[in-house]
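Numbering (my numbering), first residue to last: 211 to 754.
Below is one structure, written out as structure tokens; the observations come after it.
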Ligand code: RAM
């Protein structure tokens, strides 16, 4: 069959108009990536050495049943036979992130061949006390931090190419001739962070517990501040939008590294997908790239971050530049809202990853409804600040319709709580998001949260991430005392269990809870757990 000339011209026109749209998008994305590289943060490094040698003990009262006790000073370790020291654990006294170097020296006259050493790095005692051999988690075994190395010359000094995050280091000799001996004569880490500024101390009248929580949360945040705001320096070592939101809030009240936030915002924009949706996460190296897995709540939180960043810094230039990205997040999610104002959860769930919390049983319909309203409201507010509300003039009507639908269909008048999904699940997540979106008035919201205490089978938060939104919701409806207790019990609970940085997952009733089927691969210095810095410093009258 022959094509008509008209058809050929039409095809050429469609192809060229598509490619020019694509070209424009590509051009913008490269420009944003270039802007990101202009704000590449500086890393500050410091050499840190172990402070003592410890051994692990079984201890029912300790986190995951494993405690540590002092064994000896490090002098002894660095001056005696490594063969005799095999299995000993060095304790750096604090969580550190960086490159580790160790040196070995021969003892005696003979060095016949090679030696083989294994080092295991742990953020917690259980990582250096538990064998990795039976690991069957859902994430790569490679995240577990052990390194084995063969050395053929004495003396030698070795720096591991992999960056490590740890407090404890176990050294084991796995190969050495019977006739030779040597010592590990030194071991240090060149610890890095992009958090430099000195942080204001809290008022002297602040309670001991709040001071301690603040200090551990600050340390958690600074460890996660590398060349991006990472989720965890042990794993996944990359930027995630949900984590970034809580980090930027905490950073604003502490280290004030605005340019790191800007660097991250531009990286995300520069890696947005062809349809304009921002990726929930990205890798910086070898070149910035993002996996293809759109996550709806994180895409919308990008807009909330833009607004917050603008309010914090007054950097209109950056936010005007990124405004088209914000608009796209609204446009790409609006089509999932039915005419009645309710989000079509099933359809959304097919096309997107929906997160909200690490909790296997959480029903997310109501949280999603609330989060979308909340993010759309903030996007409209952002548009108003930029004088661009005409570009999203449909938003006020849309959010009103969504709010009305939520109150009409997701609220149980008799029980005084919001529910979610076909099984009418009652959760902290649903109440929090209905409050943050303003669907619940102050009275309805505060009653709903308090009613949870009387109900059985309520779905609780599974991670510090959701705890953040619950506490924010409590403050919004005036439950300040509850908010303080909740923060003290939850983060204080981690401190009681020995945390010197806060964790990715914490369930007071289960030390081994893991979204990855293996507690060993959990991250024990995790971005979203730094949020007490924000609460304590933003609301000093509550957290005192
Ligand atoms: C985990 C990450 C991160 C979180 C995502 C959804 O893998 O550690 O903190 O944002 O999941």
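Note that the Cβ used here is the ideal one computed from N, Cα and C, for glycine as well.
The C-alpha of residue 359 is placed about 45 Å away from the C-alpha of residue 510. Residue 600 carries a helical assignment under DSSP once its states are collapsed to helix, strand and coil. The beta carbon of residue 665 lies closer than 8 Å to those of 625, 627, 636 in the same chain, with the five residues before and after it left out. The C-beta distance from residue 274 to residue 334 rounds to 7 Å, short enough to fall under 8 Å. Under the three-state reduction of DSSP output, residue 393 falls in the strand class. In this structure, the beta-carbon distance from residue 439 to residue 639 does not fall below 8 Å. Contact between the segment 473-483 and the segment 421-430 is absent, with fewer than three C-beta pairs closer than 8 Å. One alpha carbon belongs to residue 366, the other to residue 403, and they sit about 28 Å apart. Secondary structure in the segment 463-504: no beta strand (DSSP E) run of 3 residues or longer lies completely within the stretch. Look at the beta carbons and you see the segment 378-395 not touching the segment 656-671: under three pairs across the two are nearer than 8 Å. Sequence-distant Cβ neighbours of residue 259 in its own chain, meaning closer than 6 Å and more than five residues away, are 398. In this structure the segment 589-603 touches the segment 516-528; the number of beta carbon pairs closer than 8 Å is three or more. The segment 401-415 makes no contact with the segment 683-691: fewer than 3 CB pairs, one atom from each, lie closer than 8 Å. For residue 435, DSSP records a beta bridge to 439.
The DSSP assignment places 299-317, 325-332 as complete runs of the beta strand (DSSP E) inside the segment 297-343, in order along the chain (cut-off: 3 residues).
The DSSP-derived three-state label of residue 398 is strand.
For residue 256, there is no enclosing alpha helix (DSSP H); the enclosing beta strand (DSSP E) covers residues 254-258. Bounds of any beta strand (DSSP E) do not take in residue 520; it lies within the alpha helix (DSSP H) bounded by 506-523. Judged by pairs of C-beta atoms under 8 Å, the segment 703-715 does not touch the segment 642-654, as fewer than three such pairs exist. Per the Cβ contact rule, the segment 300-319 is in contact with the segment 363-383 (3 or more Cβ pairs under 8 Å). Apart from sequence neighbours up to five positions away, the residues of its chain that approach residue 361 with a beta-carbon distance below 8 Å are 314, 324, 325, 326, 327, 368, ordered along the chain. Here residue 625 carries a coil assignment [DSSP, helix/strand/coil].
By alpha-carbon distance to residue 652, the top candidate from 587, 581, 683 is 683. In the DSSP assignment, the residues bridged to residue 635 are 630. For residue 288, the enclosing alpha helix (DSSP H) covers residues 284-289.
For residue 375, the beta-bridge partners assigned by DSSP are 307.
Distance from residue 291 to residue 317 at the Cβ level is roughly 6 Å; contact confirmed, criterion being Cβ atoms closer than 8 Å. DSSP, reduced to helix, strand and coil, places residue 564 outside both helices and strands of the structure shown, so it counts as coil. In this structure, residue 468 has its beta carbon at no less than 7 Å from each heavy atom of the ligand RAM. Of the residues assessed, residue 663 falls on the exposed side of the cut-off, its CB having fewer than 16 other CB atoms within 10 angstroms. In the DSSP assignment, residue 242 is bridged to no other residue. For the pair residue 605 and residue 586, the CB atoms are nearer than the 8 Å cut-off. Using a C-beta cut-off of 8 Å, the segment 259-270 makes contact with the segment 295-306, since at least three inter-stretch Cβ pairs fall below that distance. Residue 536 and residue 348 have their C-alpha atoms roughly 33 Å apart. Residue 352 counts as exposed, since fewer than 16 other beta carbons sit within 10 angstroms of its beta carbon.
The criterion of a C-beta distance shorter than 8 Å is not satisfied by residue 583 and residue 544.
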